[in-house]
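First comes the structure, then the notes that go with it.
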Amino acid sequence: MNTPSEHNDLYDICIVGAGMAGATIAAYLASKDIKIALIDREYTEKRRIVGELLQPGAVETLKKMGLERLLEGFDAQPVYGYALFQNENKFSISYNQNDATDYHGIGLHNGRFLQKIREDALSNDSVSQIHGTVSELTEDESGVVTGVKYREKHTREYKSIHAKLTIMSDGFFSNFRKDLSNNVKSVTSFFIGLVLKDCKLPFPNHGHVFLSAPTPFICYPISSTETRLLIDFPGDKAPKKDDIKTHIANKVAPFLPEEFKECFANALAEDDFKVMPNHYMPAKPVLREGAVLLGDALNMRHPLTGGGLTAVFNDVLLLSTHLLAMPDFNDSKLIHEKLELYYQDRYHANTNVNIMANALYGVMSNDLLKQGVFEYLRQGSNKAGNPSPITLLAGLNRNPKILIKHFFSVSLLCIKNLSMHSNMSLSNVFRIIKDSFCIIKPLAVNELRPSSFYKKNIQH
């Protein structure tokens, strides 16, 4: 790591935000002799309740970048699949549907993992660590972004960084999203996070999804002795403490398996809740010479499926691959072409991750549809030659046609199940069809974009 004495040095890349996206691309590119300035307000360990589950797709992408070693040394846990619960019924489904594959996910402390990535990035002499708060993008007379202005943390002085490319990866509360996109962010719900200690899971080393309550709650191991419990709180208004206690008492506690009750009671007694908003924000980037968006600053989806890090690492690998295809960073027009290719390619890479996250949340929060998805997954649903839906959840299948087929197969199964019971009615059938289209249509419109979209959003 270099500590720059003269910030007027010209860098190949300035990375704003040393979170999961920024730190990972710094770690990957640093070994390629690319001169990088990495800037963030704070480098101490963060405490988060999301970004703690890597699906197999995220693990595989880390392997492609040669960074899987960063998953070692802090008690991260393998995750082999999912278990689903609805009333007295339960079953598990493995990521590996046959002996030909050996995929697994990882449950971990997000903060510990991020510190490992940062340490790896900063161990390279080509990376300069800067503590500061970015105040604005700088640009030349033709509007090309040339770097950033920032306020240094310790001296409180305003300084500048000059770079041939500026990567904005300042997270889901990004201050610069408006400069590089037409994104519209919405809050779909909130997660209430608890840590259960010494909890014996019904299905060890699996994610657990509970569908008996009006809205879903999930848990998964994050260390050998800790289990993360995430409780969905619907709506776009953050719950107050009394709201949280009422919600947990009425809509969570009655539906917990017996194995959870003691460790759940202990967690409640600690009174250590953490609440985070769940955002949906489809990517609508504006092409601008000299700058690019990465990670949650560009695109967000509901964290129910644990697809966030799959999308982030996909983006990091795609952008890095395009940048590394250049001989150097001296051709600004070539850099701009590579940024356009990155924005186009990431749609194919992340379409299923984004649609799956919000579609599954919509289904699991719907009293009619969630019974269908439970039965569909329990039956195996590897039908008509289609890959199992677990490959979509795992972030291993990028074919949106397969996702849409599975989605409407769930709807058809709901209608079939209704026909076998006394509560069959045309109004319920109509509601299933209507709710299914209302869930999937806006997601498909946002995520299945033609590449020509980018040519309409170019800022010179």
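The numbering of the sequence shown is the working numbering, which starts it at 7 and goes up by one.
Glycine included, each C-beta is placed from N, C-alpha and C at the ideal position.
Computed from a predicted model, the values in this text were never measured in an experiment.
Per DSSP, the bridge partner or partners of residue i
i: A43; result: C20, S134
i: M287; result: M306
i: K203; result: E232
i: I224; result: V215, L236
i: G111; result: V85
i: F196; result: F239, P283
i: F97; result: L90
i: I139; result: The sequence shown places Thr at residue 139, not Ile. Answer is R157, bridged to T139.
i: M174; result: V22, L299
i: V151; result: E145
i: I167; result: V154
i: L60; result: I112
i: S187; result: P291
Distance CB(residue i)-CB(residue j) smaller than 7 angstroms
i: E51; j: Q121; result: yes
i: H328; j: K344; result: yes
i: I438; j: L374; result: yes
i: Q83; j: G111; result: no
i: A273; j: L202; result: yes
i: N364; j: H412; result: no
i: L235; j: L186; result: no
i: H5; j: A89; result: Absent from the model: residue 5. The displayed extent of the chain is 7 to 466, so no value can be given.
i: A127; j: A33; result: yes
i: F216; j: I250; result: no
i: A24; j: R124; result: yes
i: E475; j: N360; result: This structure leaves residue 475 out entirely; the chain is present only between 7 and 466.
Cβ distance (whole Å) where residue i is taken to contact residue j below 8 angstroms
i: T231; j: D204; result: 6 angstroms
i: K170; j: I341; result: 7 angstroms
i: I21; j: I40; result: Rounded, the Cβ-Cβ distance is 11 angstroms, inconsistent with contact.
i: I167; j: I31; result: Actually they do not touch by this definition, with Cβ atoms about 16 angstroms apart.
i: F338; j: G386; result: For the record, residue 338 in the displayed sequence is Ser; it is not Phe. The pair is not a contact, with the Cβ atoms about 53 angstroms apart (cut-off 8 angstroms).
i: V133; j: I42; result: 5 angstroms
i: L300; j: N358; result: Wrong, their Cβ atoms sit about 20 angstroms apart, outside the cutoff.
i: E265; j: P208; result: 6 angstroms
i: D81; j: S180; result: 31 angstroms between Cβ atoms; not a contact.
i: F261; j: S218; result: 4 angstroms
i: H214; j: F91; result: 7 angstroms
i: V281; j: P245; result: 6 angstroms
i: T372; j: D441; result: In the sequence as displayed, the identity of residue 372 is Asn instead of Thr. Their Cβ separation, rounded to whole angstroms, is 6 angstroms, which keeps N372 and D441 in contact under 8 angstroms.
Any non-hydrogen atom of the ligand HEM within 6 angstroms of residue i CB
i: N364; result: The ligand HEM is not part of this structure, which contains no ligands at all.
Residue i at chain B interface by Cβ criterion, 7 angstroms
i: D321; result: You won't find chain B in this structure, because it holds only one protein chain.
Count Cβ pairs between the region 40 to 56 and the region 341 to 350 that sit closer than 8 angstroms; are there 3 or more?
no
Three or more beta-carbon pairs under 8 angstroms between the region 189 to 197 and the region 164 to 177, yes or no?
Contact between the region 189 to 197 and the region 164 to 177 is absent, because fewer than three Cβ pairs lie under 8 angstroms.
At what residue ranges does the region 297 to 355 contain a whole run of the alpha helix (DSSP H), taking only runs of 4 or more?
314 to 330
For the region 411 to 421 against the region 366 to 379, do three or more pairs of beta-carbon atoms, one drawn from each stretch, fall closer than 8 angstroms, so that the two count as touching?
Touching, per the Cβ criterion.
Determine, using beta-carbon pairs with one atom in the region 57 to 77 and one in the region 389 to 408, whether at least three such pairs fall under 8 angstroms.
yes
How about the region 307 to 322 and the region 66 to 78: do they share at least three Cβ pairs that are nearer than 8 angstroms?
yes
Unbroken alpha helix (DSSP H) runs of length 4 or more, entirely within the region 396 to 454: which are they?
396 to 399, 406 to 425, 432 to 453
Any 3 or more C-beta pairs closer than 8 angstroms across the region 193 to 202 and the region 239 to 255:
yes
Determine contact between the region 155 to 165 and the region 136 to 143, defined as no fewer than three beta-carbon pairs at a distance below 8 angstroms.
As far as the Cβ criterion goes, the region 155 to 165 touches the region 136 to 143, which means the pair count is three or higher.
Cβ contact check for the region 274 to 292 and the region 209 to 229: 3 or more pairs under 8 angstroms:
no
Stretch-stretch touch, CB-based, cutoff 8 angstroms, three pairs: the region 102 to 113 with the region 129 to 138:
no
Within 8 angstroms, do at least three Cβ pairs link the region 441 to 452 to the region 362 to 372?
yes
Whole runs of the alpha helix (DSSP H) within the region 358 to 387, excluding any shorter than 4 residues
375 to 384
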